[in-house]
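Numbering (our numbering), first residue to last: 275 to 660. Think of the CB as a built atom: it goes at the ideal place given N, C-alpha and C, for glycine as much as any other residue. One structure is given below, encoded as structure tokens.
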Amino acid sequence: MSRGTPSPPAPLAVELRLRRAGLDIQAQFRVAPGHVCALVGRPGSGKTALMQCAAGLIPAQSGRVSVGTDVLYDSPTGLNSPPESRRFAWVDGRGLLFPHMNVRRNLEYGYKRAAAPRHQIDYESVLDWLDLKSLLALWPHQLAPAQRQRVALARALLSMPSALFLRDPLGQVPTHEQPALLELLGEMRTRFRLPTVFMSPRIDEAIRLADDVVILHEGRVASAGPLARVLSDVSLSTFLEGVHAGCVLEGRVSQHDIEWLLTEVDVAGQRVTIPALLQAEGKRVRLKIRARDINIHREALPDSSISNQLRGRITQVMLAGNNGAYGAVAVELHRLLDLHDSNPPPAEAVVWSLLTRRTIEQMGLAPGQDCHVSFKAMAVTVAPRA
Numbered sequence: 275m276s277r278g279t280p281s282p283p284a285p286l287a288v289e290l291r292l293r294r295a296g297l298d299i300q301a302q303f304r305v306a307p308g309h310v311c312a313l314v315g316r317p318g319s320g321k322t323a324l325m326q327c328a329a330g331l332i333p334a335q336s337g338r339v340s341v342g343t344d345v346l347y348d349s350p351t352g353l354n355s356p357p358e359s360r361r362f363a364w365v366d367g368r369g370l371l372f373p374h375m376n377v378r379r380n381l382e383y384g385y386k387r388a389a390a391p392r393h394q395i396d397y398e399s400v401l402d403w404l405d406l407k408s409l410l411a412l413w414p415h416q417l418a419p420a421q422r423q424r425v426a427l428a429r430a431l432l433s434m435p436s437a438l439f440l441r442d443p444l445g446q447v448p449t450h451e452q453p454a455l456l457e458l459l460g461e462m463r464t465r466f467r468l469p470t471v472f473m474s475p476r477i478d479e480a481i482r483l484a485d486d487v488v489i490l491h492e493g494r495v496a497s498a499g500p501l502a503r504v505l506s507d508v509s510l511s512t513f514l515e516g517v518h519a520g521c522v523l524e525g526r527v528s529q530h531d532i533e534w535l536l537t538e539v540d541v542a543g544q545r546v547t548i549p550a551l552l553q554a555e556g557k558r559v560r561l562k563i564r565a566r567d568i569n570i571h572r573e574a575l576p577d578s579s580i581s582n583q584l585r586g587r588i589t590q591v592m593l594a595g596n597n598g599a600y601g602a603v604a605v606e607l608h609r610l611l612d613l614h615d616s617n618p619p620p621a622e623a624v625v626w627s628l629l630t631r632r633t634i635e636q637m638g639l640a641p642g643q644d645c646h647v648s649f650k651a652m653a654v655t656v657a658p659r660a
């Protein structure tokens, strides 16, 4: 099967105000083609309602929703396109399929209902990519959770949507099958270049998939921007992971140590040692380190069991008043340039260390000071990037 000449994917822009379950929600965000924007925050912060409202599934009080130059909702002019006209695809953890249709008919239903395509997509290649050809004769009740999600995702993509909404897509998938599905979702960013809105209660999934993040707190945007920057700000931990908050660092696999089963990752031109990865050299990864696992030293530690000691400069010291036991120290890693590296590091990499107030005061830690930050290889969790 084939379709006509596609138009290029366009950015999704959402600016909405709505009320839901006693919560007044006001938020705005923009998602570029091929990017994933994750909505994160504690339960009840308004994430699902915001997605549903953008998709036209529940009413808004005011605002505007557009894809490129196509305006889908605009309260001042009274424009309010119905959900089917907005051409947004919705996939949630239940993998909802038509129970009276087998897999083949579910997929063909999505493809046949597609409007004029925004970008090229090939029916057979989607089936091959998601490994669905052996499932075509099965009925939805015969599918395992991971299979249902692959079929639901394929039907969504075959409808040639202008944007994709993923609400906890791994919610009912067994833990041991989640990595394979996450890898497919990661590949989807570059294969289809759709603006994608993603929501999951598990922050590690956002770290794996998202380019940008919007933190919602009681219906308001607490912070928004590139994922590594926003999720590396422990001042936002109240809205997210509490004592598990930390930093997210962008890096590339530089080399593997087969003898000791270790991998080195280049972060801002410095090397971070972690347990061995299966990722090839040059592949992009994200490293998550809890702030409570990061220490600060004035000088490098000789003869230490700590694998990682990175150079940086203190940029911020936050103390919770005179009565608080802890404080947080932000360190911007020195950006060391390798003239032979064809993939230069990001302009900024920041880590936070959670220390006792006594330690901060006794060490006299203050912005502008050069220092070393240290953490063990086993303190790092890794998320591959497509």
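| task | Examine the Cβ distances between the segment 485 to 498 and the segment 448 to 459 and report whether three or more of them are shorter than 8 Å. | result | no
| field | N-terminal and C-terminal residue of the alpha helix (DSSP H) that Lys-386 is part of | value | 377 to 386
| task | With DSSP collapsed to three states, give me the class of His-530. | result | strand
| said: Only counting the same chain, and skipping five residues up and downstream in sequence, which positions put a Cβ closer than 6 Å to that of Leu-438? | reply: Cβ contact annotation for Leu-438 (same chain, cutoff 6 Å, sequence separation greater than five): Ala-363, Leu-468, Thr-470, in chain order.
| said: For a test of the three-state rule: what should DSSP assign to Pro-658, helix, strand or coil? | reply: strand
| request: Take Leu-431 as the anchor and find which of Ser-408, Arg-387, Leu-346 has the nearest alpha-carbon. | output: Arg-387
| request: Hey, could you find the ends of the beta strand (DSSP E) Ile-548 is sitting in? | output: Going by DSSP, Ile-548 is part of the beta strand (DSSP E) stretching over 544 to 549.
| task | For Leu-427, collect the residues of the same chain with a Cβ closer than 6 Å to its Cβ; drop the 5 residues on either side in sequence, then sort them by chain order. | result | Val-365
| field | Limits of the unbroken beta strand (DSSP E) element including Leu-331 | value | DSSP places Leu-331 in no beta strand (DSSP E); its state is neither H nor E.
| Taking 8 Å as the CB-CB cut-off, is Gly-598 touching chain D? | No chain D is present in this structure, which holds just one protein chain.
| If you draw a straight line from the alpha carbon of Ala-306 to that of Ala-284, how long is it in whole angstroms? | 7 Å
| request: Put Val-488 into one of helix, strand or coil per three-state DSSP. | output: strand
| task | Please check the pair Thr-547 and Glu-538, which I expect to be a contact at CB under 8 Å, by giving their CB distance rounded to whole angstroms. | result | With a contact defined as Cβ atoms closer than 8 Å, Thr-547 and Glu-538 qualify at about 6 Å.
| query | Which two residues bound the contiguous alpha helix (DSSP H) that contains Ser-399? | reply | 397 to 403
| Name the DSSP bridge partner or partners of Gln-302? | Glu-289
| If you scan the segment 425 to 494 from start to end, which runs of the alpha helix (DSSP H) of 4 or more residues do you find wholly inside it? | 452 to 466, 477 to 483
| query | With contact counted as at least three CB pairs below 8 Å, one residue from each stretch, are the segment 495 to 507 and the segment 328 to 341 in contact? | reply | no
| task | Note down, one range per segment and in chain order, each alpha helix (DSSP H) of at least 4 residues found wholly within the segment 571 to 648. | result | 631 to 637
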